[in-house]
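Peer 1: I am attaching a structure below and will ask some questions about it afterwards.
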Amino acid sequence: MCRHLAYLGPPVLLGSLLFDPPYGLLRQSWAPRDMRGGGTINADGFGVAWYPDDGDPVRYRRAQPMWSDTTLPELAAVTRARAVLAAVRSATVGMPLHETAAAPFAEGRWLFSHNGVVRGWPDSLVPLAAGLPVRDLITLDVPTDSALLWALVRHRLRAGAAPDEAVADTVAAVAAAAPGSRLNLLLTDGTTVVASTGGHALSARRGPDSVLLASEPFDDDPAWQAVPDGRLVVASTGRFDVRELTAA
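Here the sequence shown is numbered in this note's numbering, starting from 2 and rising by one per residue.
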């Protein structure tokens, strides 16, 4: 399993999300508190992406453990952003260990992350992959289940689906093709975040003008609320909707 988070709100330093909290993403990379279903640490890469005032998001990804990177702390200490998506990776056995395998995956304004595993990979998703354009398949960031999930979500977005529909439909299709998969997804364009809970934990902390979604709370603030399994969250600084995911 992996750990990920998404933040929307007033500009904050990246360090306030990654390094400063007692159980921030850095600590979760080596001492996660809730890895239910697999893994003990998240040492197989990491990625952070943030939105500047103008333009597409900026990404910083590495194949190494977050704790071993000497540049990120300096970057995080001076970089502020209104929207952030970050993740640390625990690779499924047999998956490649490359920088391009670390979330966030990106296209244009969109950022995507997957916390979980697709059962029966790759055979279970062959029928779904067959529905993608060949170009999308031969230009995957990396041959992993997470990269293919991103391709499936992205294909729906390109076809005009709303972000919540793209995530919900992908989760339903993959759950039907590969029962028992863990499908916690995060998708954002910098103004809205869509998240699914499918086999793993997700918590939310909302303020009057901010929202934070994370695989696990990064402190003991009682404002954190657990999102039940099998749900779809659509959140922005002024909206927070939770509904049940439906089967394909």
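Cβ atoms here follow ideal geometry from the backbone N, Cα and C, with glycine treated the same way.
Keep in mind that this is a model prediction, so the values were computed, not measured.
From VAL194, LEU214, PRO22 and LEU186, pick the residue whose C-alpha is nearest to that of VAL118; which is it?
Peer 2: Among VAL194, LEU214, PRO22 and LEU186, the Cα nearest to that of VAL118 belongs to LEU186.
Peer 1: Taking Cβ to Cβ, would you say SER204 is nearer than 8 angstroms to GLU217?
Peer 2: Taking 8 angstroms as the Cβ cut-off, SER204 and GLU217 qualify as a contacting pair.
Peer 1: Using only the alpha-carbon positions, how far apart do GLU100 and TRP31 sit?
Peer 2: Rounded to the nearest angstrom, the two C-alpha atoms are 18 angstroms apart.
Peer 1: Measure the C-alpha to C-alpha separation of SER197 and ALA7 and round it to an integer number of angstroms.
Peer 2: Between SER197 and ALA7, the C-alpha separation is close to 12 angstroms.
Peer 1: How many whole angstroms separate the CB atoms of SER114 and HIS201, which I take to be in contact at a CB cut-off of 8 angstroms?
Peer 2: Going by Cβ atoms, the distance from SER114 to HIS201 rounds to 12 angstroms, so no, they are not a contact pair.
Peer 1: Is PRO229 a contact residue of the ligand FAD, with contact defined as CB to any heavy atom under 7 angstroms?
Peer 2: The model on display carries no ligand, and the ligand FAD is accordingly not part of it.
Peer 1: So PRO74 is in the beta strand (DSSP E); what residue range does that whole segment cover?
Peer 2: That residue, PRO74, is in no beta strand (DSSP E); its alpha helix (DSSP H) goes 73-79.
Peer 1: Hey, how far is the Cα of ALA169 from the Cα of LEU184?
Peer 2: Roughly 10 angstroms separates the two Cα atoms.
Peer 1: Going by DSSP in three states, VAL143 sits in which element: helix, strand or coil?
Peer 2: The answer is coil: DSSP assigns VAL143 none of H, G, I, E or B.
Peer 1: Hey, would you say LEU18 sits closer than 8 angstroms to ALA87, going by beta carbons?
Peer 2: Cβ distance < 8 angstroms, so LEU18 and ALA87 count as in contact.
Peer 1: According to DSSP, simplified to helix, strand and coil, what is GLU166?
Peer 2: Looking at GLU166 - three-state DSSP - the assignment turns out to be helix.
Peer 1: In whole angstroms, what separates the C-alpha of ARG250 from that of GLU108?
Peer 2: The first residue shown for the chain is 2 and the last is 249, placing residue 250 beyond what the model contains.
Peer 1: Can you give me the Cβ contacts of TYR52 inside the same chain, cut-off strictly under 7 angstroms, excluding the 5 residues immediately before and after it?
Peer 2: Cβ within range, chain order: PRO58, ALA82, ARG83, ALA84 and GLY191.
Peer 1: Is VAL226 helix, strand or coil when you go by DSSP?
Peer 2: A quick correction: the sequence has Gln, not Val, at residue 226. GLN226 falls in the strand class under three-state DSSP.
Peer 1: If you scan the region 147-199 from start to end, which runs of the alpha helix (DSSP H) of 4 or more residues do you find wholly inside it?
Peer 2: The region 147-199 contains these whole alpha helix (DSSP H) runs: 164-178.
Peer 1: Let me know if PRO22 comes out buried or exposed under the rule of 16 or more other beta-carbons within 10 Å of its beta-carbon.
Peer 2: Classification of PRO22: buried, given that the 10 Å Cβ count is 16 or more.
Peer 1: Would DSSP call ARG83 helix, strand or coil?
Peer 2: Note: ARG83 maps to strand in three-state DSSP.
Peer 1: Could you compute how far the alpha carbon of ALA227 sits from the alpha carbon of LEU213?
Peer 2: Roughly 12 angstroms separates the two Cα atoms.
Peer 1: What does HIS1 pair with, by DSSP beta-bridge criteria?
Peer 2: Nothing can be reported for residue 1, as the shown portion of the chain is limited to 2 through 249.
Peer 1: Under the three-state reduction of DSSP, which class applies to ARG207: helix, strand or coil?
Peer 2: Here ARG207 sits in strand by DSSP.
Peer 1: Please look up how many angstroms separate the CB atoms of THR171 and VAL195, rounded, as I've assumed it's under 8 angstroms.
Peer 2: Wrong, their Cβ atoms sit about 11 angstroms apart, outside the cutoff.
Peer 1: Report yes if the C-beta distance between ASP45 and LEU98 is below 8 angstroms; otherwise report no.
Peer 2: Their beta carbons are under 8 angstroms apart, which means ASP45 touches LEU98 by this criterion.
Peer 1: Using CA coordinates, which residue listed in VAL243, ALA177, THR189 and GLU166 is at the minimum distance from PRO105?
Peer 2: The shortest C-alpha separation from PRO105 is found at THR189.
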